[in-house]
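Engineer: Quick mapping for you: the protein sequence lines, in order, are chains H and A.
Just so you know, numbering that gives the first Met the number 0 puts 14 at position 15 of the first sequence, and the rest follows in order with no gaps.
Just so you know, numbering that gives the first Met the number 0 puts 216 at position 217 of the second sequence, and the rest follows in order with no gaps.
For every residue, glycine included, the Cβ atom is placed at its ideal position computed from N, Cα and C.
Just so it is clear, the structure is predicted and the values come from calculations on it, not from any experiment.
There are 2 protein chains.
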Amino acid sequence: MSRVWNFSAGPAALPQAVLERAQREMLDWNGSGASVMEQSHRGKRFIEMAARTEADLRSLLTVSADYAVLFLQGGATQQFAQIPMNLAGDGDSADYIVSGHWSAKAVAEAAPYVQVNTAASSQKDDFLKLPPRDGWQLDPRAAYVHYTPNETIHGVEFHDIPDVGTVPLVADMSSNILSEPLDVSRFGLIYAGAQKNIGPSGLVVMIIRRDLLQRAGRPMAKIFRYAEQAANDSMLNTPNTWGWYVAGLTFQWLHAQGGLTVMAERNRAKAALLYQAIDGSDGYYSNPIELSARSRMNVRFTLHDSALDAAFLAESEAAGLMALKGHKALGGMRASLYNAVPLEAVQALTAFMQDFARRHG
Amino acid sequence: MSRVWNFSAGPAALPQAVLERAQREMLDWNGSGASVMEQSHRGKRFIEMAARTEADLRSLLTVSADYAVLFLQGGATQQFAQIPMNLAGDGDSADYIVSGHWSAKAVAEAAPYVQVNTAASSQKDDFLKLPPRDGWQLDPRAAYVHYTPNETIHGVEFHDIPDVGTVPLVADMSSNILSEPLDVSRFGLIYAGAQKNIGPSGLVVMIIRRDLLQRAGRPMAKIFRYAEQAANDSMLNTPNTWGWYVAGLTFQWLHAQGGLTVMAERNRAKAALLYQAIDGSDGYYSNPIELSARSRMNVRFTLHDSALDAAFLAESEAAGLMALKGHKALGGMRASLYNAVPLEAVQALTAFMQDFARRHG
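1) If you follow the beta strand (DSSP E) that A:Phe70 is part of, which residue opens it and which one closes it?
2) Based on Cα-Cα distance, which residue from H:Ser7, H:Ala16, H:Val3 lies nearest to H:Gly247?
3) Strictly below 8 Å CB to CB, what residues from chain A border H:Arg2?
4) For A:Leu302, which beta-bridge partners are listed by DSSP?
5) Give me the residue from A:Gly9, A:Asp55, A:Phe45 with the minimum Cα distance to H:Ala33.
6) Which chain H residues sit within Cβ distance under 8 Å of A:Lys221?
7) Under a CB-based cut-off of 8 Å, is A:Met36 close to chain H?
8) Which residues mark the beginning and the end of the beta strand (DSSP E) in which A:Thr117 is found?
9) How would you list, in chain order, the residues of chain A whose beta-carbon sits under 8 Å from the beta-carbon of H:Met332?
10) Run down chain H in chain order and give the residues with a C-beta less than 8 Å from the C-beta of A:His145.
11) How should H:Pro139 be labelled, buried or exposed, when 16 other C-beta atoms within 10 angstroms of its C-beta is the threshold for buried?
12) Can the beta-carbon of A:Ile197 be found closer than 8 Å to that of A:Leu177?
13) Which chain A residues sit within Cβ distance under 8 Å of H:Ala142?
14) If you run the structure through DSSP and keep just helix, strand and coil, what is A:Ser92?
15) For chain A, find out if any of its Cβ atoms is closer than 8 Å to the Cβ of H:Ala80; answer yes or no.
16) Pull the bridge partners of H:Asn149 from the DSSP assignment, please.
17) Looking at the secondary structure, which residues open and close the beta strand (DSSP E) in which A:Gly247 lies?
18) Tell me whether H:Ile176 sits in a helix, a strand or coil according to DSSP, three-state version.
19) Mark H:Asp281 as exposed unless 16 or more other C-beta atoms lie within 10 angstroms of its C-beta, in which case mark it buried.
20) May I ask which residues mark the beginning and end of the alpha helix (DSSP H) holding H:Gly74?
21) At which residues does the beta strand (DSSP E) containing H:Asp308 begin and terminate?
22) Rank A:Ile152, A:Pro111, A:Val163, A:Asn149 by C-alpha distance to the C-alpha of A:Gln136 and give the top, closest one.
23) Residues of chain H with CB closer than 8 Å to the CB of A:Asn175, please, in chain order.
24) For H:Asn286 and H:Leu307, I'd like the C-alpha separation in whole angstroms.
25) Along the chain, where does the beta strand (DSSP E) that runs through H:Tyr143 open and close?
26) For the region 242-259 of chain A against the region 17-27 of chain A, are there 3 or more C-beta pairs whose distance is under 8 Å?
27) Taking buried to mean at least 16 other C-beta atoms within 10 Å of its own C-beta, is H:Pro369 buried or exposed?
28) Given H:Arg267, which residues of its chain have a CB within under 7 Å of its CB, disregarding the five upstream and five downstream residues?
29) Please classify A:Leu342: is it buried, with 16 or more other beta-carbons within 10 angstroms of its beta-carbon, or exposed?
30) In three-state DSSP terms, what is H:Asn5?
31) Considering only the alpha carbon of each residue, which of H:Leu69, H:Arg44, H:Phe186, H:Gly42 lies closest to H:Glu53?
32) Taking just the CA atoms, how far does A:Asp171 sit from A:Ala191?
33) Nearest to H:Ala309 by alpha carbon, out of H:Glu289, H:Ala80, H:Leu212, H:Lys324?
34) Starting from the beta carbon of H:Ala10, find every residue of chain A whose beta carbon is closer than 7 Å, and list them in chain order.
35) In chain order, what residues of the same chain lie with their CB nearer than 7 Å to the CB of H:Leu129, ignoring the 5 residues before and after it?
36) Mapping the DSSP letters down to three states, classify H:Ser294 as helix, strand or coil.
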């Protein structure tokens, strides 16, 4: 079949131009006579590509020399554990803001390595809003403050960077990195699983302030230590070379689109169009999130009658709209609108939604 | 340029048929209208592919139901740490056989998590031979015995599975898995970074006897616990979906070749041809490894005069023979002859070597 409009929450849509280039270069990358997958990561060609990819990310996000950029493995979930292993010493505590599924998971995976202080949580509100900043119980002696700027499953997003004083702010940006310009200098550590806005799964991109690399953390194998990875250009062992390569193609594509200011405009327009279709449906569709906390990346919606869900999913798939089923914990629908999802996809979705409502009354 | 003969030690050559299929399916995999990289790992299509890939590996190696098969991340190096984290409790010791660079690295990364007993080492022989089995100082109370059946850098290989009694035998088979039939029942745990004989880097395949999943190990995040990954079909978090897919294509290719008996014959023939070219060169080329310990996968050789190394590398590359430079720790040359390297590649290499020797006297 031809290409569909892909609203998957992750692994998610990639830019078609990126896929086409990866396809062209599959058997003979960069004049080498071999695939990028068949290259030693110690070889000149790979090292040049890896360095260019880092440079392209740095220029997209205006990352200063005060920060190291790492290309790691294990997904954001492994970083839930590695972050306290690296940043917290014996007896240290860390503050966590719980605003949905993923920040709660970050707490659970950190617990063996640091004393977790849940400084704020919106669980009692079913994560339909964000914990108001003035209620956060922050500890000025905390090793760091961890939060999740966008919750992929719950569909809530922080639209400002919280001020947490001098304690390093750590952010899991898996589902909204590169969706708009970012003031990196406000953060101690930013990390993101690649499979939403960067590239294929199996790669984690991390931006870490260099002073944090000096923290002793706890006794552990070298492979887990960010300072070791930074000292070895993320090649302490063989990295995910394919993931690194596709990430590089995506960064080049983002530059070609005009950078993150352009992407931010597109992302705002896409989300606005879909939320308008939901809000303007006279209750046929609805989104439960507090207006100020709505995610631009992951838009939840329910049908007024859940008995129609199966028909909605079957008909949307037949119409070339892929992966609209909501997360199993919440039901309903979800459309993820990452960078690689064009406005046309959202136009096709909203047209389908209006048509579906008319036909199913 | 056209495809070269690729002797990279890893990431290494992949079967051309696998690359061609991945290329064809890049934009529209399995009739989905999207790339395999753009699929949710929770989706029906991906889960079916993942299950088939596991089944194909099980049939290639005749893996019984007593073993779980895991698809993990982080490379073999991360497993150097995770294995003691999972298999050794507080106060436990484990026996390690050190036969080269990688088994020594396994010791270093395990040390924070288990009391390491180096039961045997061939370091005093510069790893030119294997530590003789009758000298191993094994502890019958050890949590496990770890060894490296093939040392990618040093070019030595065990040609028999050592008998270690009832203590679980753990093997890093990164560079020789699937190169010949294997009696999996002799092992407690087999693991392999994919980037040599399986697929792209960023994926680790593990075969673990189910009783070992019951070991408590030490307190740690769930993401590091093999039992959790086994209970979740290696999808406790988003796996390396591309790596899993390419591994599946490779397993299908191995079945199409006739399975591991056929691959073993080819691998023997390839290694024999290259070692004959070295041994029959009247000392122009030489391999320093004890005959009984020579690796079929990674063939080291030096030129009689290292002043010729640069010319050898430049001319071989110009002749379409890629990645023959030896590891920087050892110098000289190395040709890796994994499954995806055909006999024709070795024929081209030996012809070049003879021609080079004639021309450079």
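Structural biologist: On the basis of the coordinates in this document:
1) Note, A:Phe70: beta strand (DSSP E), 66-71.
2) For H:Gly247, the closest alpha carbon among the candidates H:Ser7, H:Ala16, H:Val3 is that of H:Ala16.
3) Those within 8 Å of H:Arg2 in chain A are Leu26, Asp27, Gly32, Ala33.
4) BP columns for A:Leu302 point to A:Tyr284.
5) Ranking the options by Cα distance to H:Ala33, first place goes to A:Gly9.
6) Going along chain H in sequence order, the residues near A:Lys221 (Cβ under 8 Å) are Ala107, Glu108.
7) Yes - at least one Cβ of chain H is within 8 Å of the one on A:Met36.
8) According to the DSSP assignment, A:Thr117 belongs to the beta strand (DSSP E) that extends over 114-120.
9) In chain order: nothing, as chain A lies at least about 14 Å away.
10) Within chain H, no residue comes near A:His145; the closest Cβ sits about 14 Å away, beyond 8 Å.
11) Answer is exposed; the Cβ neighbour count stays below 16.
12) Yes, Cβ-Cβ distance for A:Ile197 and A:Leu177 is below 8 Å.
13) Taking a Cβ-Cβ cut-off of 8 Å, H:Ala142 has no neighbours in chain A, whose nearest Cβ is about 17 Å from it.
14) Look at A:Ser92 here: in three-state DSSP terms it is strand.
15) H:Ala80 counts as touching chain A.
16) Answer is H:Glu156.
17) If you look at A:Gly247, you'll find it isn't in any beta strand (DSSP E); it sits in the alpha helix (DSSP H) that goes 240-256.
18) In this structure, DSSP gives H:Ile176 a state outside helix and strand, which the three-state scheme calls coil.
19) Per the 10 Å Cβ criterion, exposed.
20) In this chain, the alpha helix (DSSP H) harbouring H:Gly74 covers 74-86.
21) No beta strand (DSSP E) contains H:Asp308, which is instead part of the alpha helix (DSSP H) from 308-317.
22) Nearest option by C-alpha distance: A:Val163.
23) Taking the beta carbon of A:Asn175 as reference, no residue of chain H falls within 8 Å; the closest one sits roughly 17 Å away.
24) Roughly 16 Å separates the two Cα atoms.
25) For H:Tyr143, there is no enclosing beta strand (DSSP E), as DSSP marks it with neither H nor E.
26) Enough Cβ pairs lie closer than 8 Å, so yes.
27) This structure cannot speak to residue 369 of chain H, because chain H is shown only from 0 to 360.
28) Within the same chain, H:Arg267 has close Cβ partners Arg295.
29) Counting Cβ neighbours within 10 Å, A:Leu342 comes out exposed, since fewer than 16 surround it.
30) Here DSSP, grouped into helix, strand and coil, assigns H:Asn5 to strand.
31) Check the Cα spacing between H:Glu53 and each of H:Leu69, H:Arg44, H:Phe186, H:Gly42: the tightest is with H:Leu69.
32) Distance between the alpha carbons of A:Ala191 and A:Asp171: 6 Å.
33) Ranked by Cα distance from H:Ala309, the options H:Glu289, H:Ala80, H:Leu212, H:Lys324 are led by H:Lys324.
34) In the sequence as displayed, the identity of residue 10 of chain H is Pro instead of Ala. The contacting residues are Met36, Glu37, Gln38, Ser39, His40, Thr237, Thr240.
35) Only Ser98, Ser121, Val155, Phe157, Ala292 meet the Cβ criterion.
36) Of the three classes helix, strand and coil, the one that applies to H:Ser294 here is coil, per DSSP.
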